[in-house]
Amino acid sequence: CLQGNIAKWIKKEGDKVSPGEVLCEVETDKATVEMECMEEGYLAKIVQGDGAKEIKVGEVICVTVEEGDIEKFKDYKPSAADAPAAPSESKATPEPAAPKVEEKVPAKAPEPKAPKAEKASRSGDRIFASPLARKLAEDNNVQLSSVKGTGPDGRILKADIEDYLAKGGKSEAFAASGLDYTDIPNAQIRKVTANRLLASKQTIPHYYLTVDTRVDKLIKLRGELNPLQEASGGKKISINDLVIKAAALALRKVPECNSSWMNDFIRQYHNVNINVAVQTEHGLFVPVVRDADKKGLGTIGEEVKQLAQRARDNSLKPQDYEVFIA
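First residue of the sequence shown: -9, per the numbering used here; consecutive thereafter.
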């Protein structure tokens, strides 16, 4: 089932919104994408707050109305009728794995009902908790399975986490179970990266090309190029930029290495794209420098800096690294 997480809200309740304005950032399987407003109105209610997880396509995440109807939706809760429709009946959404923004709602305020999905605090391995409760639990390394919910049908609320922490529940839980580790929840992109790496390792024949080389001349070349770069207003070239260019030229010279295993055949690529690993607080990202063999060192260096910054800001787009693991 396609789903996503709410990374953060850009707009707040009561804000006026116009078509094209960004309402929130949604973390999908591929990237963090911006959810745009579809029509003019006012953001009356945010149904899924910052940190809300596993939101299915079609679920209501917010309500936009006319200015005069804002107060009517102050205590709005989605009913069972608002649940996502079957795939054959679902409406198209701006991003494949992103939840929908509910269209402007009639002035009549709905009856406050608990969502159908919240009839139990646990269903199999899934634990039901409010977005704020999940965020607070993550920030304090609290396992939701250790907390007793006091919300409707046992749903875990923010107050339950606060009460758990106030009683020293975190340290007691570790002492009681004798655990010497902490479980840290994975972001959606980290899960996808891990799954793709695992699939690559298990399903694709691997071979490794290694070579030892002295880089004295490379360092000397860099020392000669950087003053020219700075004189022309460009940025300094790094050793990494030189290695990217060298690898790209090597792949162009030996196209057999620029290929992928496709079971029944080997696909040999005509373009040379180099992925660059960037470690961030959100995890490891591997954005791509396209056609690296055709680009100059200054262009490569600038692209790498931009991609690295977007990775650190958690704002990479799918096209920034879609060729990772062909």
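Virtual Cβ for every residue (Gly too), placed ideally from N, Cα, C.
Query, Result
"Buried or exposed for Ser120, please, with buried defined as at least 16 other CB atoms from any protein chain shown within 10 angstroms of its CB.", "buried"
"Leaving out five residues on either side along the sequence, give the residues of the same chain with a beta carbon under 6 Å from the beta carbon of Gly10.", "Glu26"
"Would you identify the three-state DSSP class for Cys14, choosing helix, strand or coil?", "strand"
"Can Ile45 and Gly(-6) be called in contact, C-beta distance under 7 Å?", "yes"
"Measure the C-alpha to C-alpha separation of Trp(-1) and Glu17 and round it to an integer number of angstroms.", "12 Å"
"Quick one: using the 10 Å Cβ neighbour count with 16 as the cut-off for buried, is Thr140 buried or exposed?", "exposed"
"Return the residue from the list Gly288, Trp251 and Asp202 that minimises the CA-CA distance to Ser222.", "Gly288"
"When the Cα atoms are used, what is the spatial distance from Leu155 to Ile146?", "14 Å"
"Can Ile290 and Asp202 be called in contact, C-beta distance under 7 Å?", "no"
"List the residues that DSSP assigns as beta-bridge partners of Gly41.", "Its beta-bridge partners do not exist; DSSP assigns none."
"If you scan the region 173 to 209 from start to end, which runs of the alpha helix (DSSP H) of 4 or more residues do you find wholly inside it?", "178 to 193"
"Is there a Cβ of chain B sitting closer than 7 Å to that of Asn248, yes or no?", "Chain labels in this structure do not include chain B; a single protein chain is all it has."
"Does the ligand GDP have a heavy atom nearer than 6 Å to the CB of Gln(-7)?", "You won't find the ligand GDP in this model; it holds no ligand whatsoever."
"Do you know how far the Cα of Leu211 is from the Cα of Ala236?", "13 Å"
"Roughly how many whole angstroms lie between the Cα atoms of Gly213 and Leu239?", "21 Å"
"Closer than 8 Å by C-beta to Lys2: which residues in its own chain qualify, once you throw out the five before and the five after it? Chain order, please.", "Leu33 and Ile36"
"Which same chain residues, not among the five before or five after Ala301, have their C-beta less than 7 Å away from its C-beta?", "Val268, Thr270, Phe275 and Pro277"
"If you draw a straight line from the alpha carbon of Ser135 to that of Arg124, how long is it in whole angstroms?", "11 Å"
"By how many angstroms is the C-alpha of Ile256 removed from the C-alpha of Asp281?", "20 Å"
"Name the residue from Ser305, Lys67 and Asn185 whose alpha carbon lies nearest to the alpha carbon of Thr22.", "Ser305"
"So, under 8 Å CB-CB, Ile(-4) and Ile60 are touching, yes? Tell me the CB distance rounded to an integer number of Å.", "The pair is not a contact, with the Cβ atoms about 21 Å apart (cut-off 8 Å)."
"Sorted by chain position, which residues of the same chain lie with C-beta nearer than 6 Å to Glu340's C-beta, five sequence neighbours on each side aside?", "In the structure displayed, the chain extends from -9 to 316; residue 340 sits before or after that span and is not available."
"For Ala282, does the three-state DSSP call read helix, strand or coil?", "helix"
"Kindly indicate which three-state DSSP category Gly291 falls into: helix, strand or coil?", "helix"
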